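Protein chains: 2
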Amino acid sequence: MNRVVMKFGGSSVATTDKIRDVAQVILNRKKTCDQVVVVLSAMGKTTDNMIKMAEELSKNPSPRETDLLMSTGEMISASLMAIHFKSLGIDSVALTGFQAGIKSVGSHRKSKIDSIEPQRIVDELRAGKIVIVTGFQGINASGDITTLGRGGSDTSAVALAAVLGADCEIYTDVKGIYTVDPRVRKHAKKIDQLTYEETLEMANLGAKVIEPRSVAMAERFAVPLYIALNTGDVEGTYIRKEDDMEKNVITNISKKDNVLLTIVNESFGKESRITECLKNLADGDVNIDMISHARDKEGNQIISFTTDLASKALVEEILSTMEMDFEVVVNLSKVSLIGSAMRNQVGVAARAFGVLHDEKIEYYEVSTSEISISYLVDVDKENQLVNAFADEFNL
Amino acid sequence: MNRVVMKFGGSSVATTDKIRDVAQVILNRKKTCDQVVVVLSAMGKTTDNMIKMAEELSKNPSPRETDLLMSTGEMISASLMAIHFKSLGIDSVALTGFQAGIKSVGSHRKSKIDSIEPQRIVDELRAGKIVIVTGFQGINASGDITTLGRGGSDTSAVALAAVLGADCEIYTDVKGIYTVDPRVRKHAKKIDQLTYEETLEMANLGAKVIEPRSVAMAERFAVPLYIALNTGDVEGTYIRKEDDMEKNVITNISKKDNVLLTIVNESFGKESRITECLKNLADGDVNIDMISHARDKEGNQIISFTTDLASKALVEEILSTMEMDFEVVVNLSKVSLIGSAMRNQVGVAARAFGVLHDEKIEYYEVSTSEISISYLVDVDKENQLVNAFADEFNL
Chain A
3 MNRVVMKFGG
13 SSVATTDKIR
23 DVAQVILNRK
33 KTCDQVVVVL
43 SAMGKTTDNM
53 IKMAEELSKN
63 PSPRETDLLM
73 STGEMISASL
83 MAIHFKSLGI
93 DSVALTGFQA
103 GIKSVGSHRK
113 SKIDSIEPQR
123 IVDELRAGKI
133 VIVTGFQGIN
143 ASGDITTLGR
153 GGSDTSAVAL
163 AAVLGADCEI
173 YTDVKGIYTV
183 DPRVRKHAKK
193 IDQLTYEETL
203 EMANLGAKVI
213 EPRSVAMAER
223 FAVPLYIALN
233 TGDVEGTYIR
243 KEDDMEKNVI
253 TNISKKDNVL
263 LTIVNESFGK
273 ESRITECLKN
283 LADGDVNIDM
293 ISHARDKEGN
303 QIISFTTDLA
313 SKALVEEILS
323 TMEMDFEVVV
333 NLSKVSLIGS
343 AMRNQVGVAA
353 RAFGVLHDEK
363 IEYYEVSTSE
373 ISISYLVDVD
383 KENQLVNAFA
393 DEFNL
Chain C
3 MNRVVMKFGG
13 SSVATTDKIR
23 DVAQVILNRK
33 KTCDQVVVVL
43 SAMGKTTDNM
53 IKMAEELSKN
63 PSPRETDLLM
73 STGEMISASL
83 MAIHFKSLGI
93 DSVALTGFQA
103 GIKSVGSHRK
113 SKIDSIEPQR
123 IVDELRAGKI
133 VIVTGFQGIN
143 ASGDITTLGR
153 GGSDTSAVAL
163 AAVLGADCEI
173 YTDVKGIYTV
183 DPRVRKHAKK
193 IDQLTYEETL
203 EMANLGAKVI
213 EPRSVAMAER
223 FAVPLYIALN
233 TGDVEGTYIR
243 KEDDMEKNVI
253 TNISKKDNVL
263 LTIVNESFGK
273 ESRITECLKN
283 LADGDVNIDM
293 ISHARDKEGN
303 QIISFTTDLA
313 SKALVEEILS
323 TMEMDFEVVV
333 NLSKVSLIGS
343 AMRNQVGVAA
353 RAFGVLHDEK
363 IEYYEVSTSE
373 ISISYLVDVD
383 KENQLVNAFA
393 DEFNL
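From first to last, the protein sequence lines stand for chains A and C.
Note that this note's numbering gives residue 81 to position 79 of the first sequence, counting from 1, and the numbers run on in steps of one.
Note that this note's numbering gives residue 30 to position 28 of the second sequence, counting from 1, and the numbers run on in steps of one.
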């Protein structure tokens, strides 16, 4: 007996015709898998339309009621899918978050899955049904419906796969994960397999195929992940624990546009001002990144960090309020090389720096992790660097 | 401390603007009532649109999944109403059928309320909140969402009022219950008060203001009902237990269009054939009415009954299959006089028959109950008879 959890996003089930198409993909998969659980997002723009109505009634809609409102989107897509299966003579059942036993904790609009009591799902699978579960939602200890925030349906799918001992397949509108964004490099290769760590690093560094949160959960519970096109007929990318497979040293190049560099000159020379500054930025919910620190000849501290363009105005406001001196550089891009084999291979950094030298590309910052190197460069050098890296590392 | 359950139908909450208007009616009512529970139907055509999608996917959509699908309509209207209240600074909470403790039994699409566990509603009311409950839905012993069938939201409201010891107010797009359909008689009077029995009789005899089912429940649990316009500024109709109030002998004239008279000549003279015929009609879900029975000079049984036009083809098919002889008369109307005081007053029947004689209106059938008399007449005599009755009984 084998089990799989298949997840389809909102664009894959945007119309009743698309629901029919996805049903066929599920039925094809069912031929080689005994028990299939399907996790669905809300149809296309359903959730957006609901939010629009809520915002007509309130500038700041109540999170509890917004969760109840939004949770109906997945109930609609899930029940329509089960209705379609039954019309084909295939037994199926649509389960809401609470019916599927998905218990959540934490704030509305961004709750987390606390536990899953899968008895009903298991019973329905044993009865031979295709089980359709609403993604993105759970029920908390007060009996209130909560939503799981960004990437919530992926998280639902991974959590169900973990508790059911199943593989998790995420179907989307891309063919898998690529070595380089196919829009930048025409002949970018699809990656056949990745480790969780590499995928996480890529997701955190700007690749948009899957939310880091669900990858982290898959890693924690060792759920095999598979990311593929929602037509089901193109081989996708497998994400697993690291094993002995021979691998390219670099598996992926990511880029994150519109990164902003801010430099703070701390002429007062007091550590506490820097700490206060970082604390205020954190309180303002500003994500900062690539932090570097130095001292000039006069003993002044110099700290620099990056953030995204959306946060620029807020950062400037916070720093101005603190009467800090700072400089801003915009139109930058962070280009990252990622590969879990990097840690076992010497000379990767040397080759990377060599590429920047040969291409005469200046960098504003560099940061490294065990499995990645990131360079902050002018945005108009971004594509040149991505292609040069791809040539150097044979991607 | 006083409590009220206010119910608003789908047309009253069809848009976010209408939700705002209804919220104002609720707030006005809150000035004179400590604890307010609001029961809402789905917004306007929401449910129809959902059924349409289901029918795109299945000729005969699964009842269980259709219930789940349809139940989202009330979740949307209820959460939007609570969002609006909270944006006005008024504490409110939207509860689904299962959160409100509404336990259902019976088939999907036409389940019944089995019991209500009102603890959460009571807690929320005590916390000072306006509690918005989704109408039309409950949860059964399997944990599945069911809908309550036609008039389900009225039933939800009455059942909640019963368990909460509250009055039940049904807000609609008419000003209350009228002595005669205002479209037939321009100066029809709104009725200030009615008994449950009278209301039931009227609902069963064709008045469309409220479903008989919810009136019967209100009677069983002695829930005071009030039916009024959804603007809240016109006095409506109170429905209560019969008391000593002085009343007009006739409180209402109802009519039911397109009633069909079918006459069956049972030339075989066997009781069992009639019984079989009635059984087959019942199996075919045909509602029959005004049954009369006689024997002709040759000893043949003659049975006649009425049904609605929609059932005509089915009745003909059933009778033909049984090889029964029958005649059909179409274009008939059943006009009914209703008044609970009728039982204590002599001569009402005589006055009613007198009206038909004076107006030279022939009738095909007559039937009586303790509190009503109904005549089956040609549909083109209907308005003449309704007006003549209204003159005779001062309505």
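The C-beta atom is built at its ideal place from N, Cα and C for all residues, glycine as well.
From a predicted model like this one, the values you see are computed outputs, not experimental measurements.
Does A:L387 get closer than 8 Å to chain C when you measure Cβ to Cβ? No, A:L387 does not count as interfacial toward chain C.
Can a CB atom of chain C be found closer than 8 Å to the CB of A:G145? yes
Cross-chain neighbours of C:L42 in chain A, by beta carbon under 8 Å: Chain A residues near C:L42: none, gap ~13 Å exceeds 8 Å.
So which residues of chain C does A:A2 contact, with C-beta pairs closer than 7 Å? Because chain A is modelled from 3 through 397, residue 2 of chain A falls outside the range shown and cannot be assessed.
Is there a Cβ of chain A sitting closer than 8 Å to that of C:Q101, yes or no? yes
Is the beta carbon of A:V160 closer than 8 Å to that of A:V225? Taking a C-beta distance under 8 Å as the contact criterion, A:V225 and A:V160 qualify as a contact pair.
Chain C contacts made by the segment 46-65 of chain A, where a contact means CB separation under 8 Å: Within the segment 46-65 of chain A, the qualifying residues are M52, M55, A56, E58, L59, S60, K61, N62, P63, S64.
At a CB-CB cut-off below 9 Å, which residues of chain A make contact with C:S89? L59, S60, K61, N62, P63, S64
Those residues which DSSP pairs with C:D23 across a bridge: DSSP lists no partner for C:D23.
Beta-carbon of C:T201 versus every beta-carbon of chain A: anything under 8 Å? no
Who are the Cβ neighbours of C:E200 in its own chain at under 7 Å, not counting the five residues just before and after it? T253, N254, I340, G341, S342, I373
Beta-carbon contacts of A:S43 that lie in its chain and below 6 Å, excluding the five residues immediately before and after: G11, G12, G137, S155
Endpoints, the beta strand (DSSP E) within which C:N333 is located: 327-340
Beta-carbon within less than 8 Å of C:N62's beta-carbon, same chain only, minus the 5 sequence neighbours each way: which residues are those? none
Cβ of A:I78 less than 8 Å from any chain C Cβ? Taking Cβ atoms only, chain C reaches closer than 8 Å to A:I78, which makes this a yes.
Return the chain-ordered list of same chain residues with a C-beta closer than 7 Å to the C-beta of C:D246, the five sequence neighbours on each side being excluded. Caution is warranted here: a pLDDT of 42 is assigned to C:D246, below 50, making its placement in the model unreliable, and the coordinate value is therefore given only provisionally. None.
If you follow the alpha helix (DSSP H) that A:I320 is in, where does it begin and where does it stop? Boundaries of the alpha helix (DSSP H) harbouring A:I320: 314-323, taken from the DSSP string.
Going by Cα to Cα distance, which pick from A:D285, A:M55, A:K258, A:V24 is closest to A:T68? A:M55
Nearest by alpha-carbon distance to A:V368: which of A:S338, A:V331, A:I304 is it? A:S338
Helix, strand or coil at A:P202 [DSSP, three-state]: It is worth fixing the name first, because residue 202 of chain A is Leu in this sequence and not Pro. DSSP places A:L202 in helix when its eight states are reduced to three.
Based on the DSSP output, what are the partners of A:I255 in its beta bridges? A:L339
C:R187 versus C:N389 - alpha carbon distance: 7 Å
Residue environment, C:S216, which counts as buried when at least 16 other CB atoms sit within 10 Å: buried
Sub-8 Å separation of C:N30 and C:G234 beta-carbons: For C:N30 and C:G234, yes; Cβs fall inside 8 Å.
Under 7 Å by beta carbon: chain A residues contacting C:T74: The contacting residues are T74, M77, I78.
Proximity below 8 Å, CB of C:N333 to CB of C:D310: Contact: no.
Taking C:L397 and C:V182 to be in contact with their CB atoms under 8 Å, please state how far apart those CB atoms are, rounded to whole angstroms. 6 Å
Would you report the Cα separation of C:E203 and C:I375, rounded to the nearest angstrom? Going from the Cα of C:E203 to the Cα of C:I375 covers about 10 Å.
Meets three-Cβ-pair contact criterion under 8 Å: the segment 136-151 of chain A and the segment 69-81 of chain A: Yes: at least three Cβ pairs fall under 8 Å.
In chain order, what residues of the segment 7-21 of chain C put their CB closer than 7 Å to some CB of chain A? T18, I21
What residue range is occupied by the uninterrupted alpha helix (DSSP H) comprising C:S155? Taken as a continuous stretch (DSSP letters only), the alpha helix (DSSP H) holding C:S155 covers 154-166.
Mind checking if A:A129 is an interface residue toward chain C, Cβ cutoff 8 Å exclusive? no
Tell me the rounded alpha-carbon separation between C:E248 and C:K192. Residue confidence for C:E248 is low, a pLDDT of 47 falling below 50, so the modelled location carries little weight; the figure read from the coordinates is stated next. Cα to Cα, C:E248 sits roughly 17 Å from C:K192.
Taking A:R242 as the reference, give the member of A:T370, A:A315, A:F223 with the closest Cα. A:F223
Neighbourhood of C:V236 by C-beta, 8 Å cutoff - its chain only, sequence neighbours within 5 removed: K177, G178, A230
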